[in-house]
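Protein chains: 2
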Amino acid sequence: MSAYVELEDHFRQVGHLQHIAAITGWDEAAMMPSGGGAARAEAMAALNTTIHRLVCDDRLQDWLADAAADQALNDWQRANLGEIQRAWSRARALPDDLVARLSSVSVRCEQAWRSLREANEWLSMQPLLEELLSLTREKAQRLGDLKGLAAYDALLDEYEPGLDSATVSGWFNELKSFLPDMVDKVIEKQSTRYVKMPTGPFRAEQQRTLGLKLMQTLGFDFDHGRLDVSHHPFCGGVPDDVRITTRFNEQNFLEGLMGVLHETGHAMYEQGLPQAWRNQPVGNALGMAVHESQSLLVEMQTCRSREFLTFAAPLMREAFGAREQDPTWSAENLYRLSTRVRRGLIRVDADELTYPLHVILRFELEQPLLEGSLTIADLPEAWDARMRALLARPTHDNHRDGVMQDVHWYAGLIGYFPTYTIGAMKAAQWFQSASDAIDDLPAQIAQGNFIPLMDWLRQNIHSQGRLHSAQALLAAATGSPLDPGVFRRHLEHRYLS
Amino acid sequence: MSAYVELEDHFRQVGHLQHIAAITGWDEAAMMPSGGGAARAEAMAALNTTIHRLVCDDRLQDWLADAAADQALNDWQRANLGEIQRAWSRARALPDDLVARLSSVSVRCEQAWRSLREANEWLSMQPLLEELLSLTREKAQRLGDLKGLAAYDALLDEYEPGLDSATVSGWFNELKSFLPDMVDKVIEKQSTRYVKMPTGPFRAEQQRTLGLKLMQTLGFDFDHGRLDVSHHPFCGGVPDDVRITTRFNEQNFLEGLMGVLHETGHAMYEQGLPQAWRNQPVGNALGMAVHESQSLLVEMQTCRSREFLTFAAPLMREAFGAREQDPTWSAENLYRLSTRVRRGLIRVDADELTYPLHVILRFELEQPLLEGSLTIADLPEAWDARMRALLARPTHDNHRDGVMQDVHWYAGLIGYFPTYTIGAMKAAQWFQSASDAIDDLPAQIAQGNFIPLMDWLRQNIHSQGRLHSAQALLAAATGSPLDPGVFRRHLEHRYLS
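In structure tokens, the structure reads:
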């Protein structure tokens with residue numbers, strides 16, 4: 034057997050165990066009773082350690098060297114080899130013990146966060162977060178040493194390979210240069226128009242039925258996935274069995290529905306990954322920014338459009354037994370609700386325009402937090418100051434809606450937040466290219482025909498796995514590197530024209 | 034660190050991965066979309082192989098030898114050491130490759146069975162079953178060589194340590210000596226009394242609510258478990274997170290409800306296992322016959338009694354909005370429905386009296402099947418002949434309700450069926466002892482007070498883990514070895530007095 038084939042066999046086993054970890058992770062968030070948490074944290078740590086040991090296996094050193102000299106490999110195999118090399122050297126940089134502690138502490142910290150956030154108990158949260166941050170810092174430093182990067186950049190690179198904080202700062206500074214003003218203008222512009230939430234309550238079961246119908250219309254394959262409910266919406270599972278979740282607010286059905294559509298974008302990406310490369314690193318999704326671009330392309334670019342809501346309004350009325358004559362159920366009102374801009378405290382509830390400001394705030398805090406120039410004790414004050422500056426909303430003593438609002442830091446995810454807004458910028462750029470390539474895309478969407486759009490995404494993005502870098506993939510399909518100007522023009526067109 | 038502590042640490046990791054396997058197994062049956070099956074089969078095989086390798090670890094040889102000489106071990110530790118020794122030598126007898134193929138073929142075979150049974154397609158089922166049987170035979174022979182047992186006995190011993198086919202044959206022959214006659218008499222006796230199913234449909238959501246309420250009343254801890262729906266009811270998960278399932282028939286709510294109560298019996302056992310010995314072999318449940326005795330003690334001995342149905346009838350009426358005056362909802366009618374005896378084709382739908390005959394049939398077929406004196410091609414005819422003899426019901430060409438009705442053989446479980454009826458006999462014996470020990474147990478049950486019964490079970494059975502053998506545990510709590518006469522007297526009292 035060639036060294037390359039040995040590597041493929043070995044990583045197929047890794048892929049299988051990652052499959053198990055993905056399903057168990059979904060279970061933990063969507064199914065597990067809370068009393069199962071402590072035992073689960075230990076079990077997940079054991080599984081993650083097992084995976085880590087496999088990836089670190091001593092035999093890989095020789096296999097990697099031999100495979101690198103193998104002239105018979107095709108492009109996919111060569112890219113797969115590169116991914117395996119990357120995974121191996123990354124894993125070798127992290128000792129077993131660190132991996133086990135990170136897994137167990139992050140699960141425990143996340144579990145504690147769920148109840149402490151509810152109770153606004155920041156002081157009780159601090160020691161666990163401190164412990165997790167210290168482990169995350171150790172991981173970042175070790176990865177930084179390996180990659181020749183600063184600690185924070187090493188984490189960014191985990192979530193979106195090739196990304197660094199200087200580039201992110203450049204993009205984010207461009208956004209900061211116009212977004213606060215634009216938010217002012219849009220709020221002013223929207224203040225005089227009619228907009229009203231249809232009257233609920235909207236039964237969860239009806240919301241679910243509507244969500245399932247729209248997932249189906251978008252092309253979600255229910256033979257290889259399902260929809261459930263969790264505390265925070267997410268997309269988990271594996272390409273052959275994608276698990277998306279949402280939550281249903283009985284007073285506002287658009288929240289849960291947009292969650293479903295967003296996660297459907299993630300799911301379409303997973304389901305469209307190259308079939309021939311299942312359980313190999315090259316068959317996985319590219320970084321999280323590309324992943325987020327797929328969810329935002331579906332949610333923001335496609336489903337919050339006037340065209341989509343023209344198509345969906347009758348389905349919504351049918352789902353909740355509403356009358357067509359009721360003006361709150363008109364496509365135009367539903368569009369206005371879906372594009373309403375308001376300065377709020379909560380990132381996940383934020384609109385398209387204020388969302389990047391929430392992300393920039395987190396980016397500007399987590400970097401000094403990781404580097405140690407900002408302490409956890411000082412975090413609420415720093416958060417409050419930035420919320421006032423960027424969004425004119427104080428959060429003093431309101432930890433639940435301040436530093437404790439997002440799970441990420443409490444799950445050990447530092448360096449992840451920027452991918453949301455980079456994803457939004459990429460989504461605008463992909464969508465523009467898809468619009469150029471597809472005959473009258475807006476009309477197709479208004480008729481509920483998503484096949485041309487999904488075909489384009491499948492061909493240009495999903496089916497490519499990790500064959501190319503995120504940067505090369507975007508340039509190949511859109512003809513240019515990431516350009517925040519495309520995102521800006523999209524926002525101007527939607528909100529100010 | 035002492036050799037014994039090394040062993041505990043090592044088996045804690047095994048326990049963690051078994052936790053993961055249990056949750057993923059539950060997911061496969063209760064949650065997974067069918068298209069995810071092929072990938073899942075491979076993933077589960079990889080996990081099972083990983084667990085197998087851990088159990089086989091070379092280092093155990095020395096640790097086991099050193100620990101055996103350790104004079105400081107207490108009774109629990111010594112029993113744990115015995116379980117570890119047993120697990121290790123068992124695993125060493127099975128090559129990695131066999132374990133991986135058994136895992137993958139049994140998952141594929143079970144998945145195929147689900148659709149082929151629906152379609153009554155026995156011919157398409159045969160090759161996969163043949164493949165699985167051949168692997169199971171290899172496993173049985175290897176375990177038999179290790180234990181000095183015949184192949185089939187080696188499998189019996191897997192599901193209930195210490196059980197052998199000669200003993201089982203003795204008990205089953207005793208049952209065969211009186212059951213067919215008794216079935217005749219009871220059917221004759223019941224033929225003239227009033228009994229009528231309340232009129233449905235019974236909405237699944239209402240059935241679920243009722244099931245949850247009765248689980249709670251019996252003492253199920255919802256902070257450490259949940260109830261879901263699956264194709265076949267089962268109890269999965271781990272002691273800290275027990276997953277039970279049922280299925281809801283909208284025409285007959287008693288089916289799903291009795292499924293819930295049965296699985297609750299299993300769950301109470303799991304939740305009551307010794308907290309101090311989580312993730313150690315001695316902390317696991319004893320064999321499957323003891324497990325089944327706990328489910329049958331709750332379902333058959335407790336919940337199909339006149340006393341329980343006196344307590345539960347008002348709750349049932351409330352759940353479905355029925356009128357008290359309706360005679361189909363009287364406690365007496367519900368008791369008659371719950372103890373109605375009929376010769377049927379399906380084991381899982383069978384009543385308490387005919388159920389052992391279904392089990393005996395399978396016991397008498399699977400032994401020659403494993404040994405090779407009965408071929409898979411001849412199985413339907415042999416099944417049909419025995420069904421005619423034991424239950425006077427032909428199954429010719431009706432494979433769906435004949436050889437294909439149960440998942441067990443299609444999941445690689447041979448030697449498992451006898452544990453159902455041994456469990457029924459044990460349940461009768463435990464229950465009699467509990468009745469002797471508890472002040473007016475029937476009255477407690479009629480009032481919905483299950484605390485004394487559950488306390489007795491917890492103390493005498495659940496909390497004992499695998500400290501004693503199944504045989505010793507029964508003798509300690511009931512004062513005698515398994516006595517089929519106790520079961521016979523229970524049946525005579527309930528059905529003929």
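Chains as they are written, first to last, in my numbering: chain A, 34 to 530; chain B, 34 to 530. Glycine residues also receive a C-beta, built at the ideal position from the N, C-alpha and C atoms.
According to DSSP, which residues form a beta bridge with residue i?
i, result
"B/Val271", "B/Asp274"
"B/Gly258", "B/Val275"
"A/His107", "In the sequence under discussion, the amino acid at residue 107 of chain A is Asn, which differs from the His named in the question. Its beta-bridge partners do not exist; DSSP assigns none."
"B/Asn285", "B/Asn282"
Please check the pair residue i and residue j, which I expect to be a contact at CB under 8 Å, by giving their CB distance rounded to whole angstroms.
i, j, result
"B/Trp489", "B/Ile471", "6 Å"
"B/Phe396", "B/Ala457", "Not a contact, Cβ separation roughly 13 Å."
"A/His49", "B/Ala79", "3 Å"
"B/Ala461", "B/Gln334", "7 Å"
"A/Trp146", "A/Tyr443", "4 Å"
"A/Gly498", "A/Gly316", "5 Å"
"A/Leu182", "A/Leu319", "Their Cβ separation, rounded to whole angstroms, is 19 Å, which puts A/Leu182 and A/Leu319 out of contact at 8 Å."
For residue i, collect the residues of the same chain with a Cβ closer than 7 Å to its Cβ; drop the 5 residues on either side in sequence, then sort them by chain order.
i, result
"A/Ala383", "Gly377 and His391"
"A/Gln223", "Arg373 and Val374"
"B/Ala100", "Ala36, Tyr37, Leu40 and Leu114"
"B/Asp439", "Arg380"
"B/Gly125", "Looking at the sequence provided, one finds Arg at residue 125 of chain B rather than Gly. Cβ neighbours of B/Arg125 beyond the five flanking positions: Cys89."
"A/Asp434", "Leu378, Ile379 and Thr428"
For the alpha helix (DSSP H) that contains residue i, what are its first and last residues?
i, result
"B/Trp463", "Pro451 to Ala470"
"A/Gln223", "Ser198 to Gln223"
"A/Tyr443", "No alpha helix (DSSP H) contains A/Tyr443, which DSSP labels as neither H nor E."
"B/Phe344", "Arg339 to Phe353"
"A/Tyr227", "Taken as a continuous stretch (DSSP letters only), A/Tyr227 belongs to no alpha helix (DSSP H), as it is neither H nor E."
"B/Ser157", "Trp155 to Lys180"
"A/Phe520", "Pro517 to Leu529"
"A/Thr361", "First-last for A/Thr361: undefined, no H or E at that position."
"B/Phe44", "Ala36 to Ala63"
"B/Pro413", "Leu412 to Leu424"
"A/Met321", "Met321 to Leu329"
"B/Cys336", "Segment: none, B/Cys336 is in no alpha helix (DSSP H) and carries neither H nor E."
"A/Arg134", "Asp129 to Glu151"
"B/Thr372", "Where B/Thr372 is concerned, there is no enclosing alpha helix (DSSP H), given that its DSSP letter is neither H nor E."
"A/Asp384", "Where A/Asp384 is concerned, there is no enclosing alpha helix (DSSP H), given that its DSSP letter is neither H nor E."
"A/Gly244", "Ala237 to Leu251"
"B/Trp96", "Arg92 to Ala101"
"B/Ile534", "The structure shown does not extend to residue 534 of chain B, since chain B is modelled only from 34 through 530, so no value can be given for it."
"B/Asn431", "From DSSP, B/Asn431 is part of no alpha helix (DSSP H); its letter is neither H nor E."
"A/Ala78", "Gly70 to Cys89"
"B/Ile409", "It is not in any alpha helix (DSSP H) - B/Ile409 carries neither H nor E in the DSSP assignment."
Ordered along the chain, which non-local residues of its own chain (more than five positions away) have a Cβ less than 8 Å from that of residue i?
i, result
"A/Ala346", "Trp362, Ser363, Ala364 and Leu367"
"B/Arg45", "Asn312 and Gln313"
"B/Pro160", "none"
"A/Leu474", "Ala467, Ser468, Pro485 and Leu486"
"B/Val228", "Asn366, Arg369, Leu370 and Arg373"
Who are the near neighbours of residue i in its chain, counting only those whose CB is closer than 6 Å to its CB and skipping five residues on each side?
i, result
"B/Phe281", "Ala237, Gln240 and Gly289"
"A/Met487", "Gly252"
"B/Leu329", "Gly456, Ala457 and Ala460"
Check whether the Cβ of residue i lies closer than 8 Å to any heavy atom of the ligand NAD, and answer yes or no.
i, result
"B/Ser210", "Ligands are entirely absent from the displayed structure, and the ligand NAD is therefore not among its contents."
Validate contact between the segment 266 to 286 of chain A and the segment 387 to 405 of chain A using beta carbons, cut 8 Å, 3 pairs
With contact defined as three or more Cβ pairs closer than 8 Å, the segment 266 to 286 of chain A and the segment 387 to 405 of chain A are not in contact.
How do the segment 247 to 266 of chain B and the segment 361 to 374 of chain B stand: do at least 3 beta-carbon pairs fall below 8 Å, yes or no?
no
Tell me, please, whether the segment 116 to 131 of chain B touches the segment 403 to 414 of chain B by the rule of three or more beta-carbon pairs shorter than 8 Å.
By the Cβ criterion, the segment 116 to 131 of chain B is not in contact with the segment 403 to 414 of chain B, since fewer than three pairs of Cβ atoms, one from each stretch, lie closer than 8 Å.
Mind the definition here: the segment 291 to 311 of chain A touches the segment 260 to 271 of chain A only if three or more C-beta pairs lie below 8 Å; say whether that holds.
yes
Validate contact between the segment 334 to 344 of chain B and the segment 187 to 201 of chain B using beta carbons, cut 8 Å, 3 pairs
With a cut-off of 8 Å, the segment 187 to 201 of chain B and the segment 334 to 344 of chain B do not count as touching, because too few Cβ pairs lie within range.
Inspect the CB distances between the segment 75 to 91 of chain B and the segment 101 to 111 of chain A and report whether three or more fall short of 8 Å.
no
Cβ contact (3+ pairs, closer than 8 Å) linking the segment 154 to 172 of chain A and the segment 123 to 140 of chain A:
These segments touch.
Assess contact between the segment 510 to 530 of chain B and the segment 201 to 220 of chain B, defined as three or more Cβ pairs (one per stretch) separated by less than 8 Å. Is contact present?
yes
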